């Protein structure tokens with residue numbers, strides 16, 4: 001049977017799965033001693049080892065040099081079968097007359113001891129090495145006491161049910177690991193690299209580097225991040241964004257490793273490979289998140305540690321008062337530790353895994369807990385509330401020109417510009433299928449901070465802001481007219497031969513679903529939804545009115561966004577900041593929870609944030625808050641169930657009302673119950689299940705779609 005194997009690997013980075021009772025410190029020391037290994041980090045929660053190493057070191061070599069001494073080769077399934085086997089032996093060879101040390105030589109007792117080896121080992125180690133009892137120390141004492149009393153059945157009930165609860169906990173962690181493994185499994189042993197002659201040749205993925213051009217055909221998985229150079233394709237990006245509707249891409253658009261080309265063929269220029277790809281960064285975030293405990297997890301662990309001595313104290317007190325070993329055994333087989341600790345870890349793990357599948361990467365359990373208490377959300381405008389891609393809202397001609405004629409001149413002057421606003425105007429001209437006239441490139445002037453001046457069809461064309469027209473001494477009466485239109489958005493002024501020809505109003509469209517998101521945030525208990533933006537007052541006011549936000553702040557400088565976050569936090573609010581750009585990074589870092597949204601997010605913003613939304617769908621903001629609230633409700637529910645059931649069992653056991661085997665069954669059944677309660681977070685939940693009508697006294701806008 002495998003005791004260790006590769007979960008996933010990239011050049012220079014491998015994660016291994018270990019089933020071991022060796023201490024994390026020793027595991028890391030052993031691996032760091034291997035030539036070519038730079039670092040090794042073991043995660044107890046996921047029982048995995050992350051190794052950074054020389055790219056020339058093959059991952060399989062790491063499995064071959066693993067130590068075998070001390071490795072626990074039993075799976076949970078094997079432990080359960082061993083326990084059932086011990087039950088069978090005890091039934092076949094009963095001898096209830098034996099108690100004390102003689103009882104340990106019974107066939108059933110010997111089988112029970114063998115099946116209990118892992119718990120006995122961990123319980124003894126905790127007492128000797130850490131110099132304090134742990135949950136396994138309590139179980140060890142209960143198992144040995146049951147065997148000495150001549151009751152292997154009680155010992156086996158403890159073993160069977162504790163193994164079953166751990167099995168469920170591990171299964172939950174493995175669900176997240178499977179999702180990570182599926183993402184990382186590029187399953188592309190070779191790629192079609194375009195050589196210097198322009199031909200495609202089959203090469204290993206390890207032979208591809210940045211700047212190379214590769215071809216991807218229908219049905220293939222993309223092996224590197226890059227930009228489309230030729231072709232058109234429909235791509236399934238669900239592994240990264242959680243969105244299952246294929247995305248259409250064409251020349252100049254980015255594509256990502258791990259996504260699948262559903263139809264079409266493309267050639268792309270590689271800009272990121274291996275561990276630098278977007279999917280690798282996502283995996284790194286998920287794996288790191290599994291190692292970062294929420295405060296409530298730490299509290300659960302500390303509470304569990306404090307309750308172990310309490311259980312021993314209760315057992316001693318019961319013996320002094322009653323002198324009954326059976327009642328003492330009840331105090332040892334019933335505890336609060338397992339239920340609280342396992343169910344909390346399971347809930348946090350399930351929550352992070354569920355969020356990742358939806359396209360929300362939460363960087364640790366701490367932020368699951370903080371998201372549940374958010375009462376204020378601050379939204380950046382450009383690229384967060386809006387799509388971050390300008391579109392033409394209106395074409396308003398003047399002085400007798402038509403819309404189409406005005407746009408033809410503008411498109412000609414701006415055709416070769418890379419400015420987003422220029423691209424929006426040229427794209428509209430192409431959509432309208434206008435015949436764009438050629439212009440004299442020698443006569444084209446780019447006037448920094450103002451716009452462009454060009455000669456098109458023997459006319460002097462000015463396209464830019466008002467300063468450009470004033471600079472070129474354009475006729476004043478026309479300027480007064482178009483000034484009245486400048487408050488309807490970002491306005492581009494156009495003049496032909498010294499006369500105002502009209503204006504083009506540019507708009508950065510609000511994301512689809514943003515109105516609904518604001519409504520849902522309020523349903524999730526967010527009291528204030530506000531916007532901060534560097535845009536002008538009238539533009540911010542329009543967005544504020546359309547979304548019916550609680551407040552807005554316009555013409556805010558980048559460093560001032562962080563000041564607004566601090567101001568709300570100082571007022572006692574729990575703040576979630578949502579942004580996507582470099583100028584949002586300070587505010588994201590200062591917020592209780594910083595969130596980056598969408599495909600245009602910058603690396604700096606991702607680094608500064610606590611939650612990364614890989615999709616452009618803003619409804620994920622309310623989804624992660626809803627999931628976090630469910631998680632915390634589940635954890636508190638589990639605390640209540642564990643304490644209530646085990647307290648009742650302890651009381652019954654203290655009075656001798658129930659036998660130890662019944663006490664063990666109640667305790668472990670409660671543990672399994674709360675662990676299963678935590679796994680419900682993994683179940684698919686339709687939004688209709690939790691979206692309720694808004695209060696009748698409140699009126700909010702909803703998307704027309």
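Residue numbers (full-length UniProt numbering): 1 to 705. We treat Cβ as the ideally placed atom computed from N, Cα and C, and that holds for glycine. Predicted model, so just to flag it, every value in this text is computed and none were measured.
Query, Result
"Three-way DSSP call (helix, strand, coil) for residue 557 in this model", "coil"
"The region 367 to 382 / the region 520 to 527 touching (three or more Cβ pairs under 8 Å)", "yes"
"Nearest-angstrom beta carbon gap, residue 429 and residue 408 [assumed within contact, 8 Å]", "7 Å"
"Among 316, 564, 631 and 75, the one whose alpha carbon lies nearest that of residue 297", "631"
"N- and C-terminal bounds of the alpha helix (DSSP H) containing residue 636", "620 to 654"
"Endpoints, the alpha helix (DSSP H) within which residue 403 is located", "403 to 414"
"Spatially closest choice to residue 661 from 215, 206, 572 and 153, by CA coordinates", "153"
"Residues sharing a beta bridge with residue 267, DSSP", "215 and 230"
"Coil, strand or helix - residue 305 by DSSP", "helix"
"Any non-hydrogen atom of the ligand PLP within 6 Å of residue 120 CB", "Absent from the structure shown: the ligand PLP. Ligands present: none."
"C-beta atoms of residue 645 and residue 608 nearer than 7 Å", "no"
"Unbroken beta strand (DSSP E) run spanning residue 391, endpoints", "386 to 397"
"Per-residue DSSP class, three states only, for residue 353", "helix"
"CA-to-CA distance, residue 588 to residue 151, given in whole angstroms", "59 Å"
"Residues bridged to residue 192 (per DSSP)", "202 and 215"
"Exposure label - residue 321; buried when at least 16 CB within 10 Å", "exposed"
"Three-pair Cβ contact test at 8 Å for the region 647 to 666 versus the region 324 to 340", "yes"
"Option nearest residue 354 by Cα separation, candidates 6, 295, 681 and 141", "681"
"Beta-carbon proximity of residue 319 to residue 310, cut-off 7 Å", "no"
"Cβ-Cβ distance between residue 509 and residue 392 below 7 Å", "no"
"Distance between residue 221 and residue 234 (C-alpha atoms, nearest Å)", "12 Å"
"Reduced DSSP category for residue 617 - H, G, I as helix; E, B as strand; rest coil", "coil"
"For residue 398 and residue 539, the rounded distance between their alpha carbons", "23 Å"
"C-alpha gap between residue 672 and residue 161, whole angstroms", "7 Å"
"Nearest neighbour of residue 371, chosen from 103, 104 and 611 [CA to CA]", "611"
"7 Å Cβ cutoff, residue 653 in contact with chain D", "The chain labelled as chain D is not found in the depicted structure, where only one protein chain is given."
"Closest by C-alpha distance to residue 678, when choosing among 217, 113, 349 and 135", "349"
"Rounded straight-line distance, which links the Cα of residue 25 to that of residue 158", "30 Å"
"Extent of the continuous alpha helix (DSSP H) to which residue 538 belongs", "537 to 547"
"From 568, 541 and 548, residue whose alpha carbon lies closest to that of residue 555", "541"
"Anticipated Cβ contact below 8 Å, residue 9 with residue 59, distance rounded", "4 Å"
"Nonlocal neighbours in the same chain, by C-beta distance under 6 Å from residue 90, ignoring five residues either side", "108 and 152"
"Opposing strand residues paired with residue 460 [DSSP bridges]", "455"
"Three-state secondary structure assigned by DSSP to residue 528", "strand"
"Residue 296, DSSP secondary structure in three states", "helix"
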